[in-house]
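What follows is a short report on a single structure.
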Amino acid sequence: MYDIKALYEAESVQDAIRLLQEHPKAQIIAGGSDVLVQIREGRRAGAELVSIFSIDALRGVSYDENEAIRIGSLTSFSHIAASPIIREKIPVLGEAVSLVGGPQIRNIGTIGGNTCNGVTSADSASTLMAWDAVVELHGPEGVRRLPIQDFYIKAGVVDLRPAELQTAIIIPKAAYEGYFGRYIKYAMREAMDIANLGCSVNAKLSGDKKTIEDARVAYGVAGPVPMRAPSAEAIARGRAVCRETVDAFARAVLDDIHPRDSWRAAKAFREHIAVELAKRALTESIERAGGVIDG
Ligand SMILES: Cc1cc2nc3c(=O)[nH]c(=O)nc-3n(C[C@H](O)[C@H](O)[C@H](O)COP(=O)(O)OP(=O)(O)OC[C@H]3O[C@@H](n4cnc5c(N)ncnc54)[C@H](O)[C@@H]3O)c2cc1C
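Residue numbers (this note's numbering): 17 to 311.
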């Protein structure tokens, strides 16, 4: 049923790097909810795997010395959703990962796997982009940290060098402090379905709640990889909290996104949904931040 040539179990990050160097054709397996499905379908027949599942140091949510939120790459979606740090500081990430698959998938699937698979519909990816997340990688040359936007190269391909693994996702304090967000997944069904479109917004208001100091918006399935919509962000920044601003912000996302036709949804439909979701997600972000939109 599972055509696997060899399975090597890493005991530490350094051990994983060594195993990946010794077996250059081997693929990392974390929770296996993508990898095992692909092997069973015959797409990776005869695979060599390096399992990182036992590296407990890669699990958990904590603050680092700069009060950035550090999410170990092996942390499951269930763990993230239940984390007091996530609930207090970036609840929208917990809400987003609670929309992944069903309970079994959320118990086994990891945030590292969800971002390293390079898939545009990954529910954590657009949300992490809207948090200006940083990806931490360990490899033979040492540690690299890069903005999650730069991690995505093209559909299904991320910036992982030979024998490198992702060890954490970091959300800097400046990226979350004072921001309130909302992720909306548009799918055909409410559970066990991948997104036709996902939209994640974070907004920060001025002290009197009358002005949008900053807004970030990111999409899944609006292009080959998860993406931000900088034109919309520029329109909202510094503008009054009002319906007109929200509408102008939502219309501007069309300048940045480029969804395609697929059997799941037509391009024109996805564009329509993208505008509508941007409107709703910014409205709810503003409300969560204590702002009031008239009209
Ligand atoms: C029934 C079902 C429903 C699903 N529903 C959803 C859904 O609604 N939304 C959604 O976003 N996803 C969904 N998924 C996809 C899947 O659960 C996620 O992508 C999951 O997060 C993958 O994590 P994993 O640990 O299982 O990854 P794995 O399958 O172990 O690995 C996935 C990929 O990432 C690589 N990888 C994993 N960890 C690392 C690391 N630390 N460093 C480098 N490379 C790494 C692997 O080599 C592989 O290429 C679903 C899957 C199934 C089977």
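Glycine included, every Cβ here is placed at the ideal spot set by N, Cα and C.
Consider the C-beta atom of residue i and the heavy atoms of ligand 1; say whether any pair is separated by less than 7 Å.
i: L213; result: no
i: S89; result: yes
i: V51; result: yes
i: Q37; result: no
i: C132; result: yes
i: G158; result: no
i: I68; result: yes
i: S114; result: no
i: I55; result: no
i: I164; result: no
i: L144; result: no
i: A138; result: yes
i: Q182; result: yes
Excluding the 5 residues preceding and the 5 following residue i in the sequence, name in chain order all residues of the same chain whose CB lies nearer than 6 Å to its CB.
i: I45; result: V51, L65, S67
i: A146; result: S216, N218, R232, A234
i: D80; result: R86
i: S99; result: V77
i: E300; result: R198
i: A179; result: I33, L36, Q37, G155, P156
i: G307; result: L221, K225, V257
For the alpha helix (DSSP H) that contains residue i, what are its first and last residues?
i: C132; result: 127 to 132
i: R304; result: 283 to 304
i: E104; result: 100 to 105
i: D166; result: 164 to 167
i: S247; result: 246 to 252
i: R267; result: 259 to 268
i: K201; result: That residue, K201, is in no alpha helix (DSSP H); its beta strand (DSSP E) goes 195 to 202.
Residue i and residue j: beta carbons closer than 8 Å?
i: A315; j: Q43; result: No statement about residue 315 is possible, as the shown extent of the chain runs from 17 to 311 and does not include it.
i: L213; j: A290; result: yes
i: R253; j: D230; result: yes
i: V241; j: P275; result: no
i: I106; j: Y192; result: yes
i: V113; j: I101; result: no
i: L90; j: T126; result: yes
i: K201; j: A211; result: yes
i: H39; j: Y18; result: no
i: G6; j: I164; result: The requested residue 6 is not part of the displayed model; the chain covers only 17 to 311.
i: A171; j: G134; result: yes
i: A305; j: F196; result: yes
i: V269; j: A245; result: yes
What residue range is occupied by the uninterrupted beta strand (DSSP E) comprising residue i?
i: E152; result: 150 to 155
i: L213; result: 213 to 221
i: V233; result: 228 to 236
i: R86; result: 85 to 88
Once the 5 residues before and after residue i are set aside, which same chain residues still bring their CB inside 7 Å of it?
i: A256; result: K226, T227
i: R267; result: V291
i: G239; result: T136, I273, H274, P275
i: L293; result: I200, Y202, L213, C215
i: E249; result: A231, R232, V233
i: V116; result: F93, R122, G125, D139
Within the 8 Å Cβ cut-off, does residue i reach chain C?
i: T91; result: Looking for chain C here will not work: only one protein chain is present.
Who are the Cβ neighbours of residue i in its own chain at under 8 Å, not counting the five residues just before and after it?
i: S28; result: I71, A73
Within the chosen definition, does the stretch 52 to 59 reach the stretch 135 to 155 through at least 3 CB pairs nearer than 8 Å?
-> By the Cβ test, the stretch 52 to 59 is not in contact with the stretch 135 to 155, since fewer than three Cβ pairs between them sit closer than 8 Å.
Validate contact between the stretch 179 to 186 and the stretch 144 to 153 using beta carbons, cut 8 Å, 3 pairs | With the rule of 3 Cβ pairs closer than 8 Å, the stretch 179 to 186 counts as touching the stretch 144 to 153.
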